[in-house]
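Participant: Heads up: the protein sequence lines correspond to chains A and C, in order. In terms of our numbering, the first sequence is residues 9 to 413. In terms of our numbering, the second sequence is residues -5 to 351. Below is the structure I would like to discuss, written out as structure tokens.
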Amino acid sequence: MSFTKSLLAASVVALASSGTVSAQSLSSAGALAFDTGNTLFVGDAKAGLVHAFDLTNALTNQANYQLGRAQTFEGRTVFNHLDVEIAALLGVEAADIAINDMVVHKPTKQIFLSVHRGHGPDAEAVIIAVNNGTLELVDLSAADHSSMTVGPVPTAETLEFGQPLNTLAITDIDYYNGELFVAGVSNEEFSSKLRRIPFPFTNEISTSSIEIWHAVHAQYETRAPIITQTIAELDGEPTLIAIYACTPIVRIPLAELTDGAEVRGTMIGEMGFGNTPLDIVPYVNGWDGTSNVVVTNTNRSAASINLEAIASADAMPHGEGVQNVFSVEGVYQFPLPMSGTLHLDTLDDTYALVVRHSPEDVRNIQLHTVPMPFFFDRADHIVEMNFNGSPDPFGYKAAPPVDYN
Amino acid sequence: MNALQTWMRRALHAAFLLLPLPVLAEVAARLDQATGAVIVTGLAPQEISAVITDAEVLSLRLENSPSTRGMLVSNSQEGEAMIVQPRFALKAGARYELTVAGETLSIALPAPETTTPRLVSFAPSQAVIPANTLRLYLHFSEPMARGQLREMVSLATADGTLVASPFLSLEAELWDPSQTRATLLLDPGRIKQGVGPNVAGGAPLQEGQTYRLTVSPELRSAAGHPLAAPVSVAFRVGPPERRAIAPETWEILAPEAGSSAPLSLAFDRIMDSGAALRLITLQAPDGQPVRGQITSDGGGWSLIPDHSWQAGSYSLNVDPELEDISGNTIGAPFDAAPGTIGTSVTAASIAIQIRKN
């Protein structure tokens, strides 16, 4: 058995015109990010594009929407059965949709979700906004739009082979200081290429291959895909903090990520094997003023890592003679009581937002706020202060029930 | 029936006859296949205008939906009918209910004609594959639905014991744009030498063993049709392949000038068949790319040209991103030795002489 492709000259014409996609035809909608203004970036793996939509006219301030009561460690469930509700809006069953990513527009605290209606190649991609507790479909055709190719770029030669089979699943998009950083996993190559793109788009893209040392490995490896990443200033130096498929935490100064560069990232921690990271999100601890990142995982609870600790962490030992590391190691990771998380972002200085399996009923997909800095919602846990007749030293139970708007 | 009841019945009947016709007509809804809109007839003009003023009084929902939320629609009037245009096409085979003016109307959509999907091929197709195989491809006859692979694909040893977590668990499944070909990545942590999972759990594939990859009969196509029967592929596992790709070691079978016989390559290992089709190209003596039919089963590569071969020097170009099924590239093996960073790779090019016999 073998795969065969015909070289059809006719297909060249069809594909060459598909360089840009109109706002109305989002082919797929995965990773989401905002710039510091009102531009929403949408990873479109199917089209091999990152879209930019100016949502200035679509955004609504959510300042009056109460997010919970952090003083008593209470988050708010914005939606129970989020999947069922979005599916109803789209006229299908919950099993017919996929919630691919979530992002918060920080200036307005408005929540956006990338959703697929259907699971086939013709699935309709939509962006759903939460507007003061209601679900709305975002009219992308009304937004100014631009896009940039990030996927496998069909060259004149490859176009002769017809529709390419290779795709890049875009796993994360981050905006920092006028640039986008796009990570992804290819279906035909196992690479660690990081794409760096100026925004507004100029058709420039620089690609770096990042070699990392895996503590769980006894040697270097050149290639592993980045699953999630963020950019933060460490000692004043803009630095990419990336988590790889085999769960090492790596820091790389942005200055090193030049086009065509082969960069050696400094591995400073290990999340432990048998686990895939989901999201890495920066936050400031309002109690002590420290800057941190929170990492969510598929098979482990979330962890908080201090940025100063990341900045000052020694590179993990590597090279010949070093023993394998199988468990959580390196830079200190503070475990957070957060699991079942599907998507995470922060809403403001006090609240994070998760799409999660409800701790009480995993079939219930919730959109829920979680008070920071401990990412702890008292109601989710069996804690003595919740029991009837138990002491109430902090006055949690004495506080009146929250009357949500 | 007493006299009073009879009288009342007659009076009621008379009253109905005096009412304007639209109110008497039964409210009905039907789907217009051409536009996808639901056409509602039998509503009074004031009922239509009430809906147009306030869309909330109408709701179009999937029957038995656990949510009370209606789907997104836009409503308009056309003659005496009301047009309810759903923002998204109603799903084939589903039943919807339209609630308007105190009536609940049922709209049933015909079930779609679906074809039973089949697994048409599996790569690598060789009977023996390396113990450090990184990537497997499943090729289906129909576009498949995303989001099922983790549950539906399993790997077992010859005695039926399931291999625990053999595949890299990624949130995003790796499909080609048509969603007929799925890529499965064997957990690289378990393939690489000296890696924790490899040491602790062992490589997913053990040299000398026979394995069976099984796809559940419940795996559904994008149209919702299951495979109907489980499909399995058996393969034996040979020694790992840990060398960088060396194109100069490939055997080349060059055809005669003037013929249209295939130009064939035989690899020294199993190449990634997807990558080989895309990343190995041939240039004619005049510098133009050679067009034709390219085939690769991973073990070799061949090109049958559209036009017969010319005499002269052809150039076989190999992109540096070509990988074998263990993830080795031209420049570097997948398990790179310490301190080998900077293995910058340029495309390999091999000259092939085509001669007249």
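Idealized CB from N, CA, C, for every residue including glycine.
Using a Cβ-Cβ distance under 8 Å, would PRO279/C count as near chain A?
Facilitator: Indexing the second sequence from 1 puts residue 279/C at position 285. Cβ-Cβ to chain A under 8 Å: no for PRO279/C.
Participant: Can you tell me whether ALA269/C is helix, strand or coil according to DSSP?
Facilitator: Counting from 1 along the second sequence, the entry for residue 269/C is found at position 275. In the structure shown, ALA269/C sits in a helix (DSSP, three-state: H, G or I).
Participant: What are the partner residues of ALA228/C, as DSSP defines its beta bridges?
Facilitator: Mapped onto the second sequence, residue 228/C falls at position 234. Answer is ARG206/C, bridged to ALA228/C.
Participant: Quick one: grab the DSSP three-state call for PRO401/A.
Facilitator: Locating residue 401/A in the first sequence gives position 393, counting from the first residue. Coil, per DSSP.
Participant: For ARG144/C, which three-state DSSP category applies?
Facilitator: Locating residue 144/C in the second sequence gives position 150, where the first residue counts as 1. The answer is helix: DSSP assigns ARG144/C an H, G or I state.
Participant: Among residues of its own chain, excluding the 5 on either side of PRO16/C, which ones have a beta-carbon nearer than 6 Å to its beta-carbon?
Facilitator: As a position in the second sequence, residue 16/C is number 22, starting the count at 1. A caution first: PRO16/C carries a pLDDT of 48, below 50, which makes its placement in the model unreliable, though a value can still be read off. Here the set comprises ALA38.
Participant: Could you check whether MET65/C and LEU54/C sit closer than 8 Å to each other, using their CB atoms as the reference points?
Facilitator: Along the second sequence, one-based indexing puts residue 54/C at 60. Along the second sequence, one-based indexing puts residue 65/C at 71. For LEU54/C and MET65/C, yes; Cβs fall inside 8 Å.
Participant: Which residues in the same chain as ARG263/C place their Cβ atom closer than 6 Å to its Cβ, once the five residues preceding and following it in sequence are excluded?
Facilitator: For this step, residue 263/C is matched to residue 269 along the second sequence. GLU235 and ASP318.
Participant: Give me the Cα-Cα distance between TYR90/C and PRO104/C, rounded to the nearest whole angstrom.
Facilitator: Start at 1 with the first residue of the second sequence, and residue 90/C comes out as number 96. Start at 1 with the first residue of the second sequence, and residue 104/C comes out as number 110. Roughly 12 Å between the two C-alpha positions.
Participant: Taking the beta strand (DSSP E) that SER194/A belongs to, which residues open and close that run?
Facilitator: The residue labelled residue 194/A in the question sits at position 186 within the first sequence. Element bounds for SER194/A: 187 to 194.
Participant: Classify GLU315/C as buried or exposed, calling it buried when 16 or more other Cβ atoms lie within 10 Å of its own Cβ.
Facilitator: Here residue 315/C refers to the residue found at position 321 when the second sequence is read from its first residue. It counts as buried.
Participant: Any beta carbon from chain C within less than 8 Å of VAL92/A's own beta carbon?
Facilitator: As a first step, residue 92/A is located in the first sequence; it is residue number 84 there, counting from the start. For VAL92/A, the answer is yes, since a Cβ of chain C falls inside 8 Å of its Cβ.
Participant: Does the Cβ-Cβ distance between ASP43/A and PHE207/A come in under 8 Å?
Facilitator: If you number the first sequence from 1, residue 43/A lands on position 35. If you number the first sequence from 1, residue 207/A lands on position 199. Yes, the Cβ-Cβ distance between ASP43/A and PHE207/A is below 8 Å.
Participant: Could you pull out every residue in the same chain whose Cβ sits closer than 6 Å to the Cβ of ALA255/C, ignoring the five residues on either side in sequence?
Facilitator: As a first step, residue 255/C must be located in the second sequence, where it is residue number 261. The answer, listed in chain order, is PRO249.
Participant: What are the start and end residues of each continuous beta strand (DSSP E) run of 3 or more residues lying completely inside the segment 40 to 115 of chain C, in chain order?
Facilitator: Qualifying beta strand (DSSP E) stretches, in chain order: 53 to 56, 67 to 72, 75 to 80, 89 to 94 and 97 to 102.
Participant: For VAL410/A, is the classification buried or exposed, using 16 other Cβ atoms within 10 angstroms of its Cβ as the cut-off for buried?
Facilitator: Counted from its first residue, the first sequence places residue 410/A at position 402. Looking at its Cβ environment, which holds fewer than 16 other Cβ atoms inside 10 Å, VAL410/A is exposed.
Participant: Could you give the distance in angstroms between the alpha-carbon of ALA345/C and the alpha-carbon of LEU98/A?
Facilitator: Taking the second sequence and counting its residues from 1, the one referred to as residue 345/C is at position 351. Taking the first sequence and counting its residues from 1, the one referred to as residue 98/A is at position 90. C-alpha separation (whole angstroms): 57 Å.
Participant: Does the beta carbon of ARG206/C come closer than 8 Å to any beta carbon on chain A?
Facilitator: Taking the first residue of the second sequence as position 1, residue 206/C is located at position 212. No, ARG206/C lies away from the interface with chain A (no Cβ there is under 8 Å from its Cβ).
Participant: Please report the straight-line C-alpha distance between GLY36/C and GLN79/C, rounded to a whole angstrom.
Facilitator: Residue 36/C sits at position 42 when you count from the first residue of the second sequence. Residue 79/C sits at position 85 when you count from the first residue of the second sequence. Each residue's Cα considered, the two are about 17 Å apart.
Participant: Could you check where the alpha helix (DSSP H) with SER172/C kicks off and where it finishes?
Facilitator: The sequence position of residue 172/C within the second sequence is 178, counting from 1. Where SER172/C is concerned, there is no enclosing alpha helix (DSSP H), given that its DSSP letter is neither H nor E.
Participant: Under the DSSP definition of a beta bridge, which residues are partnered with MET275/A?
Facilitator: One-based indexing of the first sequence puts residue 275/A at position 267. Note: MET275/A sits in a beta bridge opposite VAL258/A.
Participant: In whole angstroms, what separates the C-alpha of HIS351/A from that of ASN46/A?
Facilitator: As a position in the first sequence, residue 351/A is number 343, starting the count at 1. As a position in the first sequence, residue 46/A is number 38, starting the count at 1. Cα to Cα, HIS351/A sits roughly 21 Å from ASN46/A.
Participant: Determine the DSSP secondary structure at ASN300/A, reduced to helix, strand or coil.
Facilitator: Looking up residue 300/A in the first sequence gives position 292. The answer is strand: DSSP assigns ASN300/A an E or B state.
Participant: Quick one: which chain C residues come within Cβ less than 7 Å of THR306/A?
Facilitator: In the first sequence, the residue the question calls residue 306/A occupies position 298. Correct list: SER163.
Participant: Give every residue of the same chain whose Cβ lies closer than 6 Å to the Cβ of ALA177/A, excluding the five residues on either side of it in the sequence, and list them in chain order.
Facilitator: Here residue 177/A refers to the residue found at position 169 when the first sequence is read from its first residue. For ALA177/A, where only same-chain residues beyond five positions count, the Cβ hits under 6 Å are ALA53, GLY192 and VAL193.
Participant: Return the CA-CA distance between PHE402/A and ALA387/A, expressed in angstroms with no decimal places.
Facilitator: Working through the first sequence from its first residue, we reach residue 402/A at position 394. Working through the first sequence from its first residue, we reach residue 387/A at position 379. C-alpha separation (whole angstroms): 15 Å.
Participant: What runs of the alpha helix (DSSP H), each 4 residues or longer, lie entirely inside the segment 76 to 118 of chain A?
Facilitator: Entirely contained in the segment 76 to 118 of chain A, the alpha helix (DSSP H) runs reaching 4 residues are, in chain order, 90 to 98.
Participant: Could you confirm whether any beta carbon from chain A is found closer than 8 Å to the beta carbon of ASP26/C?
Facilitator: As a first step, residue 26/C must be located in the second sequence, where it is residue number 32. Closer than 8 Å: no.
Participant: LYS405/A CB to nearest chain C CB: under 8 Å?
Facilitator: The sequence position of residue 405/A within the first sequence is 397, counting from 1. No, LYS405/A lies away from the interface with chain C (no Cβ there is under 8 Å from its Cβ).
Participant: Among the residues of its own chain, which have a CB less than 8 Å from the CB of PHE383/A, if the five just before and after it don't count?
Facilitator: Residue mapping note: residue 383/A aligns to position 375 of the first sequence, counting from 1. Excluding sequence neighbours, PHE383/A sits near VAL302, ALA310, SER312, LEU344, PRO345, MET346 and ALA360.
Participant: Going along the chain, which residues of the segment 177 to 210 of chain A sit with their C-beta nearer than 7 Å to a C-beta in chain E?
Facilitator: No chain E appears in the structure shown, which is made up of the protein chains A and C.
Participant: Any chance the segment 257 to 273 of chain C sits against the segment 230 to 246 of chain C, with 3 or more Cβ pairs inside 8 Å?
Facilitator: With a cut-off of 8 Å, the segment 230 to 246 of chain C and the segment 257 to 273 of chain C count as touching, because enough Cβ pairs lie within range.
Participant: Identify whether ALA406/A lies in helix, strand or coil by the three-state DSSP scheme.
Facilitator: For the purposes of this step, residue 406/A is taken as residue 398 along the first sequence, with counting starting at 1. Coil.
Participant: Counting only runs that start and end within the segment 211 to 264 of chain C, where is the beta strand (DSSP E) found for 3 or more residues in a row?
Facilitator: 225 to 232, 245 to 247 and 257 to 260, all fully within the segment 211 to 264 of chain C.
Participant: For ARG24/C, does the count of other Cβ atoms within 10 angstroms reach 16, so buried, or fall short, so exposed?
Facilitator: Taking the first residue of the second sequence as 1, we reach residue 24/C at position 30. Classification for ARG24/C: exposed.
Participant: What does SER253/C touch in chain A if you count any residue whose Cβ is under 9 Å from its own?
Facilitator: Counted from its first residue, the second sequence places residue 253/C at position 259. Chain A residues near SER253/C: none, gap ~18 Å exceeds 9 Å.
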